[in-house]
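Using the UniProt record's numbering, read the sequence shown as starting at 1 and increasing by one per residue.
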Amino acid sequence: MTDPAAALAPFAPVDRGVDEPDPARAPLRAAGPVVRVEAPAGGSVWIVTDEAVARAALVDPRITKDPAWAPPAWDPPVAGLEPPAAAVPSLTTLDGPAHAALRQAHAPLFTARRLRAHYGFMTELAIGMLSAVAGEDPVDLAADFTARYPVAVLLELLGIPADRVDDALGACRAMFTGPEGPGRAMATFADLAAAGLTDGRSGFAAELRDRVPAEITRDQLHYLLFGLIFPGQITTDPALGFVLADVLDDGRADADLDDLVRETLRHHPPAPLTLWRFTVEEVELAGVRLPPRAPVLVDILGTGTDPHRETGPDLTFGAGPHYCLGAQLASLELRAVAEVVRTEFPYARLAVPRAALRQVSHGGIGGSRLAALPVVLGRRKT
Ligand code: HEM
């Protein structure tokens with residue numbers, strides 16, 4: 001029997017107004033707590049649309065992150081899969097004790113207390129970058145600023161020289177360009193990691209080298225550092241665009257900035273779906289039977305925007321053992337930029353009506369970003 005939900009399209013490319021809801025989410029929720037749809041790489045994927053079921057799935061040991069369990073017919077580049085954990089260990093592909101050991105190595109670097117010590121740097125960086133483009137003419141903050149700022153913060157934290165920001169940003173962008181882009185990008189990421197690990201440099205890269213389990217090789221360490229720069233850029237870039245659009249929304253001039261950041265992320269989660277997971281055996285979720293090797297995703301956007309959801313923590317940063325390592329970092333970056341715009345550029349305003357702002361994506365499991373964010377970054381009233 002054909003599942004009526006198979007026609008739903010949570011992976012379709014996006015091109016719609018900033019405040020237009022995703023048309024796929026309400027029908028997906030209406031179709032049930034666990035819904036089978038067509039996967040971009042072929043075959044089926046089961047999408048969890050109910051937050052309680054999602055929280056259970058995200059801690060279920062029968063549902064693995066290891067791409068070795070992906071449907072054999074999937075083409076890894078088409079599916080956007082990382083190498084299997086046995087080939088290249090990473091936080092996003094390991095589970096259980098091996099994941100916990102690696103996570104423990106990273107954890108002390110990414111605590112709120114540790115990162116708050118860098119809030120001054122984040123603020124000064126935002127002031128410097130925004131002052132450089134401020135003036136009475138509109139500037140598109142989504143063209144460069146939102147993409148570059150998170151890279152500059154990450155390189156500073158990791159101890160990678162600041163003159164490598166262009167290389168790092170270029171590598172993040174190359175991950176989405178043509179069949180050769182990702183290979184080129186990975187070589188650049190390895191080179192950037194090596195720069196942070198050069199003798200005498202201090203920063204999170206060197207600290208991580210000293211903290212990871214002894215069996216992690218130098219190449220594997222490079223991959224772990226890639227696994228901080230790339231996810232940190234592709235998520236915080238779009239988030240900054242949406243947060244800035246909301247900070248500059250007249251209706252939100254008095255909003256508490258932490259609330260504003262949280263709400264913006266809930267309506268525009270940079271990861272609208274989790275990363276891929278796969279069942280290692282037959283699993284029943286909310287009465288739905290999933291076969292072994294079934295791909296599973298959680299609908300972060302759909303659960304966060306469910307009109308019936310109760311207030312409280314959402315799934316913007318995931319849940320369970322794979323909860324976002326960079327959640328505190330991203331929140332601080334977003335807060336720093338929002339605060340700088342409010343305090344240093346009190347007359348900043350959108351250069352177009354808010355309704356003209358469009359969000360776009362290539363489709364797949366990735367999120368959308370603003371196509372453009374034209375802003376007049378005035379320090380004086382005009
Ligand atoms: C607003 C910005 C961000 C959002 C919304 C976000 C969202 C997420 C989500 C939903 C997950 C869980 C995926 C899953 O369970 O399948 C995740 C994991 C992860 N994120 Fe973020 N992220 C953000 C920023 C960052 C930053 C700045 C970093 C840089 C350190 C980062 C590094 C990671 C890593 C390493 C993981 C994997 C953790 C693990 O599997 O143990 N993220 N993120």
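Positions of the beta carbon are idealized from the N, C-alpha and C atoms, including for glycine.
Query	Result
Residue range of the beta strand (DSSP E) that includes L208	Note, L208: premise wrong, no beta strand (DSSP E); alpha helix (DSSP H) at 204-211.
Rounded Cβ spacing between V45 and V37 (contact assumed at less than 8 Å)	6 Å
Whether L94 touches A85 by CB criterion (7 Å)	yes
Under the three-state DSSP convention, the category G227 falls into	helix
Check whether H222 and F242 have beta carbons under 7 Å apart	no
Same chain, Cβ closer than 8 Å to V14, neighbours up to 5 away in sequence not counted	D22, Q359, V360, S361, G363, S368
Assigned exposure category for V18 - 16 Cβ within 10 Å defines buried	buried
Reduced DSSP category for A278 - H, G, I as helix; E, B as strand; rest coil	Reading the sequence as shown, one finds Phe at residue 278 and not Ala. Strand, per DSSP.
Contact set for I127: own chain, Cβ-Cβ below 6 Å, skip 5 residues either direction	V340, E344
P10 and A31 closer than 7 Å at C-beta	no
heavy atom of the ligand HEM below 6 Å from L80 C-beta	For the record, residue 80 in the displayed sequence is Gly; it is not Leu. It does not: the Cβ of G80 is nowhere closer than 6 Å to a heavy atom of the ligand HEM.
Heavy atom of the ligand HEM within 6 Å of T92 beta-carbon	yes
When V247, T198, G203, S331 are compared against R218, the one with the closest alpha-carbon	T198
Burial state of T331 (16 or more Cβ within 10 Å)	According to the sequence provided, residue 331 is Ser. The question's Thr does not apply to it. Buried: at least 16 other Cβ atoms inside 10 Å.
Secondary structure of W74, DSSP reduced to three states	coil
Residue range of the unbroken alpha helix (DSSP H) whose run includes V341	327-344
Three-state secondary structure (DSSP) of S131	helix
Length of the line joining the Cα atoms of F230 and R55	25 Å
Cβ pair A187, L377 closer than 7 Å	no
Buried/exposed call for H322, threshold 16 Cβ in 10 Å	buried
Residue(s) in a DSSP beta bridge with V14	S361
Close beta carbons around A372, own chain, < 6 Å, minus the five adjacent residues each side	D140, A142
Beta strand (DSSP E) runs contained entirely in the stretch 17-47, provided each spans 3 or more residues	34-38
Top-ranked residue by Cα proximity to A348, from V337, A356, A355	V337
Cα-Cα separation between S202 and L158, rounded to whole angstroms	8 Å
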